[in-house]
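A.B. asks: Below is a structure I'd like to ask you about.
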Amino acid sequence: MADLTYKQLVAATAALSKEVRRGAEAIKVRAQRIEEEARDTEQVAEMIGALNVDADTVAETRQAARITRSLSEAAITYASAADTTATSFDAATAQAHTTHAGINEAVNASGVAGIHDVNRTWFTQE
């Protein structure tokens, strides 16, 4: 396994957070559209019921609306979980900064030639 640098860790967790949040937002938009479809389907059920269409067709249309609404709710729940995941990536980024930023700054400020080639275990606190 290749060594992971501080900059790579921070960049990766920040990028993942951004990507997950973008995906969650897209899911929320789709969930809203699905909810609109569920409302429209329910209105169709009401309209065809008013036209005295057979009761089975009206019931099936209402059932389709309920299923569609359930799909929307599931998508919103999924998007919420994605937001939680993104928050975890943000926390990982913050933890990396808290834990390793000082070491990164000290190494970068060092005037020692080849400091980046030093065995990383030398920087381990005891």
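The numbers in the sequence shown follow the working numbering, run straight up by one, and end at 109.
Ideal Cβ placement from N, Cα and C applies to all residues, glycine included.
Would you mind stating whether residue 24 and residue 48 have Cβ atoms separated by less than 8 Å?
C.D. replies: Going by C-beta atoms, residue 24 is nearer than 8 Å to residue 48.
A.B. asks: Rounded to whole angstroms, how far is the Cβ of residue 111 from the Cβ of residue 75, which I believe are closer than 8 Å?
C.D. replies: Not covered by the structure: residue 111. The range shown for the chain is -16 to 109.
A.B. asks: Smallest Cα separation from residue 13: which of 87, 60, 92 and 89?
C.D. replies: That would be 60, whose Cα lies nearest to the Cα of residue 13.
A.B. asks: Applying the criterion that 16 or more other CB atoms from any shown protein chain within 10 Å of the CB defines a buried residue, is residue 33 buried or exposed?
C.D. replies: Classification of residue 33: exposed, given that the 10 Å Cβ count is below 16.
A.B. asks: Ignore the nearest five residues each way along the sequence and tell me which others in residue 27's own chain have a CB closer than 7 Å to its CB.
C.D. replies: Once the five neighbours on either side are set aside, the close Cβ partners of residue 27 are 44.
A.B. asks: To the nearest angstrom, report how far apart residue -2 and residue 55 are at their CA atoms.
C.D. replies: The straight-line gap from Cα to Cα measures roughly 27 Å.
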